[in-house]
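Below you'll find the structure, written out as structure tokens, and then a few comments.
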Amino acid sequence: MRLQYILAKFIEIAVIFFVILTMLFFLFRLSPGDPISKVVDPMLTPEDMAHMISQMGLDKPLWEQYVIYLKNFVTGNFGVSFHYGEPVSRIIGERLGWTILLFTTATFLAALAGVWLGKVAAWNKGKRMDNVMSISALVCYTLFIPWFALLLLWIMGFKVGLFPLGGVLSPELWVGDSSTLVKLLDLIHHMVLPLLTLFIINLGSYLLLMRSSMLSVLKEDYIITARAKGLSEKVIRDKHAAKNAALPVITSVGLSLAFSINGGALTEQIFTWPGIGRELIFAVSNNDYPLAQACFLLIALVVLVANLIVDLLYAWLDPRITY
Amino acid sequence: MRSNIRKRVCRSLKQTELITRFALTAVVIVLASALFLSCQKTKEDRFLKIGLPEEPRSLNLWLGTDANSRKILTQIYQPLYNRHPETLEIIPWLAADDPIIDETALTYTIKLRKAKWSDGTDFTSDDVLFTKQVIFDFQIPRYYSKWKIIEKVEAPDAQTVVFHLKKPSAIFMSRVMNAPIISRKQWESVTREALTKEKPLRSLQDHVVENPVGTGPFTLAEYKKGAYIHMKKNPHFFGTGLTIGGHLLGPYVNDILFRVYGTSDVAILALKKGDIDYYWWDIQPGYISDLKEQDNVDLYFNKKSALYYLGFNLRKPPFNDVALRRAIATVVDKEFILSRILQNYGTAMHSIIPSGNHFWHNPNVETYSHGKSKEERMTSAVKILRDAGYSWETPPLTPDGKLTVPSDILLPDGTQMDKFVILTPPADYDPKRAFAGTMIQEWLRELGLPAFSRPMAFNSLLDTVKGKHEFDAFVLGYGKLNLDPDYLRAFFYSKNDKPRGWNMSGYSNPKFDQIADMQRVLVDTEERKKLILEMQRMILDDVPYLPLYNPHIIEAALNENFRGWVAKVDGIGNIWSMCVVKPVE
Amino acid sequence: MLNNHYVQRFVKGWRIFIKNPVGKAGIGILTVFMIMALASFCLPLFGPMYDPMTGIDPNIKISTPPSLTHWLGTDNVGRDIFAQLLEGAKVAFIVGLSSAFFSIVLGTVIGMVSGYAGGWVDAILMRTADIIMVMPSLVILLILASLFGQFNIWLIVFIIAIMRWPAVSRVIRSQTLSLKTRPFIEASRVAGASSVRIIFRHIMPNVLPLAFLYMTFRVTAAILVEAALSFLGFGDPSQVSWGMMLQWVWKSGHMFQAPYWLIPPGISISLLTLAFYMLGRAMDEVLDPRLRKEGQS
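One line per chain: the protein sequences are A, B and C, in this order. Be aware that the first sequence starts at 1, since it is given in our numbering, and climbs by one per residue. Be aware that the second sequence starts at 1001, since it is given in our numbering, and climbs by one per residue. Be aware that the third sequence starts at 2001, since it is given in our numbering, and climbs by one per residue.
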């Protein structure tokens, strides 16, 4: 039964993925302009441009391009970026590392703090502590990210001057012969502000999620049973309720990691973090089809797989769900 | 009951204590490392640190043709001739002297300097031959169309090259001799392999250059993607110790570090903080008042070789009527745009060639609105339109010359004019052009014209205007025009009126075409100048483009660590600055 | 349809709602912004200088700090920032409410149909929802921006609605699934009611409160998306909005020099979304909290 379920899920994902693949191809090809239409340089003659277009293989009929695209995809060849002239896989590899470093750290820290604070808030429902926490969480959640990030950069990076103004490292330290420890510290030093931004924003949503999940768990029968058994409040709160209430948070962590590729673009841009989100927006505005397509597919794949894992995880964690 | 409460209080106290302790430790660690690192930084500050607005595209010079790659690559690859920073004359660079020109045999004989590539091998005439070969074999965009004029290149000896031309060319020195020369040693195997591929040019461009070899003042030391580019002084640079273009060349700087800032606000904060010595990008006038108060920051205002203009579609009504175009030229208040949008950091433009390019600029073209008051502008515009047969039920001017709100204008045949759209780039791409579009719309409405200004994503805008020709009018610009005025021909030559061609307006004038062809083959610059001035006069008479403004390039550099930037047209970010900027003692 | 039962339910809900401090605070903030939005209609009374888009103070050529004539100062072309802020409130309400409304209508109808019909209709609709949910919405919006050339405000509203219905439809679908098995639906089907009638007469009233709750969350999402789009420069440039104001202060280089220009729109965006969110949370307490499956959008 379970195997069948997993198999069905896989087929479903494959179909969705194919539809996205096709949609992406046509979406890019039908949008006006091409990789060189943005170049305003009178030195480029129309002949030069036609030459460049044909060298990129964009002069072929659309269906032929589509077949090549599918073939390349199946053989795992994502092509060469029009813009950078480097293999797409290499560019994505480089950028993805930075994104993962920043976002996993931020998400995990925020989830840990969110679960803990959400638990406390739910436990003290209706009291002042709960109200203060809920409202501050709401404020965190509705902050306008770029605005907040810029203010943070201005105050902490410039006015107070304790933190660097973006980037991932200080070149002058890395060029010289600094020790690894200094380099590591330098990296952490650069991560603080973007991390803080992402942490604050994520914290709000995790806290609220944990709080409401905890509240609904507390009404479940097994909590009442546990109470009747005379277990201590602490055990009930931490062992019985919080453990189950954390489930939706886990789901949300999985999904938000996948979406960080997309949603992190603004934060990455402001802190000049060389991540994948920034690159994707850049690739789209440059009509760099191979790079943009590959980024999109990556996001789609990660989200789909994350969804699948979350589904399976649920089935495994929550004994009430059977398939 | 009471013990229970006490327990709870105790627990929450314990929790609070735990959080506080944890938080305090974290904060202390972060602060300590921050302090530690900021101390570290002040120790070794002899790097020239430059901020860039975007990551360079590629260090392969055939692909890296964008502004940011060129900032790196022009330190490495050098042309035979360069422009003098002040006089803008073409002066020998990799070449040892001015060419010896034989006008009857159509040859240019050029002596080369004794120079070395950064890997220590000799730079010879063979490298020039090889460069020509590559440009021809791959039909390199931008260069091939100009180099086509070359019949053949010969190398009588290692220090001499002779260019044989097919016909006389006015642009040989300015547009052919500005190509960077590459090393045969580095590129030969790459090009040979690329030529065997299905897409030769693309394979050449996709070749990853880890270590570019050039003859320029700097070489690449390390490129850490997404973080920085480190360049070192080239010990073999041919110019070291020479005085070229009135400057004793160094370079006097041992290391340059380039790094990217995602937004210019942050880059300017970095400059004020002293993280970078120079931000290599045009800054918005909004920063000026703030930066002027900073003692450690110098501001530089330079003219730009740029053109921002309102273009019309001459292929269809309503703008196929020259009277309407002239009337519009009359009501557009360039001085207002200059003061409001450019905050007076720039000049109003009256001819197609910017006034900064003083040799070729024609100051005596028809200027339409210049120096007129609002009423005077309106009066002459109304007169131009009336003479051409246009009419209003309520004209913009009352009989006693006062301005009123007019009714919609009527065409000479008595029908209403269709609504037309002025396309502009979106505000994020260029707020100046977007605002200019809105203002022009308001002025045209005061004349009863049904004008609508519409910003459009830049890709789509170019596709619509340049590719499809489906538009009424547009506001566009060229940020970096070549100093040679041959682009006049490119913009208005009737044969360039085709998809992707540069004649976006669809201007067609046989007389203009004839002069444009003539000036191209005139090697005598004074003779050529007469024709160029005449071409400008013709364009401003027919107004397919209405030049609007030319902003100054505003740049900021820190003066604490390095000084001696060379200001020229298009700013202080140029090869001359890099060769002469000195550390402050 | 509005029989006594629903009125009673509403009154009862309102009583619980208004006791909730979060809800009260939300209503309070919302009222302030509504007054601001209404005040924007009075701007023409003060003359053309106070037109948020085209009004230019003839005496001012640079951005100036707050003064008596310009309460929040002016931007770099001499337009009044307070007037823009009021206009921005109006636009935020329009964008937020209308796109939330469209996405809720879409999501509710699709969710009900999908849940009620089941089978291949359900499969197709839900897979479509999956595909849209997988797509990174901000980037898709950017591609669409280049496809359409430039957005106008209604296009933005429309696209936000299109991108945001799937989450709603999932919740409505599962609600419909559980309603479908209830006896009263069974009864009306036996009585010969058509599917359309069942969906709109019997199922819809029962899922509406939930849909309405989701709407408040969608409003916040829509306002934030519009602001982010405008901030990035893909908004409607002929329309003043808070995101647009931030884009202007950013692009004109006044970000860190004109706090009187930077702070108000940013705070307004956060406060208004906060207000709608508080409203939603308070409503959430009124309805059964267990109904909520999804935390945030």
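Where a beta carbon is used, it is the ideal one built from N, C-alpha and C, also for glycine.
Item, Value
"Could you compute how far the alpha carbon of A:P274 sits from the alpha carbon of B:K1273?", "22 angstroms"
"Taking 6 angstroms as the limit between beta carbons, can you name the residues of its chain near B:P1485, skipping five residues before and five after?", "I1353, W1360, I1532"
"Please report the residue range of the alpha helix (DSSP H) in which B:Y1487 lies.", "1487-1492"
"Which residues in the same chain have their Cβ closer than 8 angstroms to the Cβ of B:K1132, if we skip the five residues on either side of it in sequence?", "W1147, I1150, V1153"
"Would you call the segment 1401-1410 of chain B and the segment 1325-1338 of chain B touching, i.e. three or more CB-CB distances under 8 angstroms?", "no"
"Is the CB of C:S2252 under 8 angstroms away from at least one CB in chain B?", "yes"
"Are B:K1049 and B:D1295 touching if we call contact CB-CB under 8 angstroms?", "no"
"According to DSSP, is B:T1042 helix, strand or coil?", "Because B:T1042 sits at a pLDDT of 49, beneath the cut-off of 50, its placement in the model cannot be relied upon, and the point is left open."
"Interface residues of chain B around A:I270 at Cβ under 8 angstroms?", "G1262, T1263, V1266"
"Using a Cβ-Cβ cut-off of 6 angstroms (strictly less than) and excluding sequence neighbours within five positions of C:F2033, which residues of its own chain qualify?", "A2089, L2272"
"Helix, strand or coil for B:N1302 per DSSP?", "strand"
"Just checking, does the segment 2217-2229 of chain C make contact with the segment 2065-2082 of chain C on the three C-beta pairs under 8 angstroms criterion?", "no"
"Would you kindly report the start and end of the unbroken beta strand (DSSP E) that includes B:P1156?", "1150-1157"
"At a CB-CB cut-off below 8 angstroms, which residues of chain C make contact with B:P1399?", "Residues of chain C passing the Cβ test: none, with the nearest at roughly 25 angstroms."
"Output needed for C:A2129: all residues of its chain with C-beta closer than 7 angstroms, excluding positions within five of it in sequence on either side, in chain order.", "P2166, S2169, R2170"
"What is the rounded straight-line gap between the Cα of C:I2110 and the Cα of C:I2156?", "21 angstroms"
"Checking the sheet assignment: what are the DSSP bridge partners for A:T45?", "Paired residue(s): none; A:T45 is not in a bridge."
"With A:L198 as the anchor, note down where its alpha helix (DSSP H) starts and where it stops.", "180-218"
"Can you give me the Cβ contacts of A:G57 inside the same chain, cut-off strictly under 8 angstroms, excluding the 5 residues immediately before and after it?", "Q65, I68"
"Does the CB of B:R1433 have a neighbour CB from chain A at under 8 angstroms?", "no"
"Using a beta-carbon distance below 8 angstroms, is B:E1442 in contact with chain C?", "yes"
"Does any residue of chain C bring its CB to less than 8 angstroms from the CB of A:I321?", "Caution applies to A:I321, whose pLDDT of 49 falls short of 50 and renders its modelled position unreliable; the value that the coordinates give is listed next. It does not; no Cβ of chain C falls within 8 angstroms."
"Do you know whose CA, among B:C1579, B:V1027, B:E1555, lies nearest B:V1297's CA?", "B:E1555"
"To the nearest angstrom, report how far apart B:I1572 and B:T1263 are at their CA atoms.", "20 angstroms"
"Which residue marks the beginning of the alpha helix (DSSP H) containing C:M2053, and which one marks its end?", "Per DSSP, C:M2053 belongs to no alpha helix (DSSP H) and is neither H nor E."
"Who are B:K1199's beta bridge partners in DSSP?", "Answer is none; B:K1199 lacks a bridge partner."
"On a Cα-Cα basis, can you pick out the residue from B:R1315, B:F1218, B:A1096, B:K1374 that is closest to B:W1591?", "Residue 1591 of chain B is absent from the structure shown; chain B starts at 1001 and stops at 1585."
"Against chain B, with Cβ distances strictly below 8 angstroms, would A:G114 count as a contact?", "no"
"With a threshold of 16 other CB atoms inside 10 Å of the CB of B:K1316, please say whether the residue is buried or exposed.", "exposed"
"So, under 8 angstroms CB-CB, B:P1412 and B:A1388 are touching, yes? Tell me the CB distance rounded to an integer number of Å.", "7 angstroms"
"In the DSSP assignment, find the alpha helix (DSSP H) that holds C:I2160 and state where it starts and stops.", "2153-2180"
"Under 8 angstroms, do B:L1483 and B:S1355 count as touching if we go by C-beta distance?", "no"
"Where does B:G1051 sit, in a helix, a strand or coil, going by DSSP?", "strand"
"Report the neighbours of B:L1269 on chain C: residues whose CB is nearer than 8 angstroms to its CB, in chain order.", "F2256"
"Sorted by chain position, which residues of the same chain lie with C-beta nearer than 6 angstroms to A:L109's C-beta, five sequence neighbours on each side aside?", "F199"
"Given this structure, state the Cα-to-Cα distance separating C:P2209 from C:T2069, to the nearest angstrom.", "46 angstroms"
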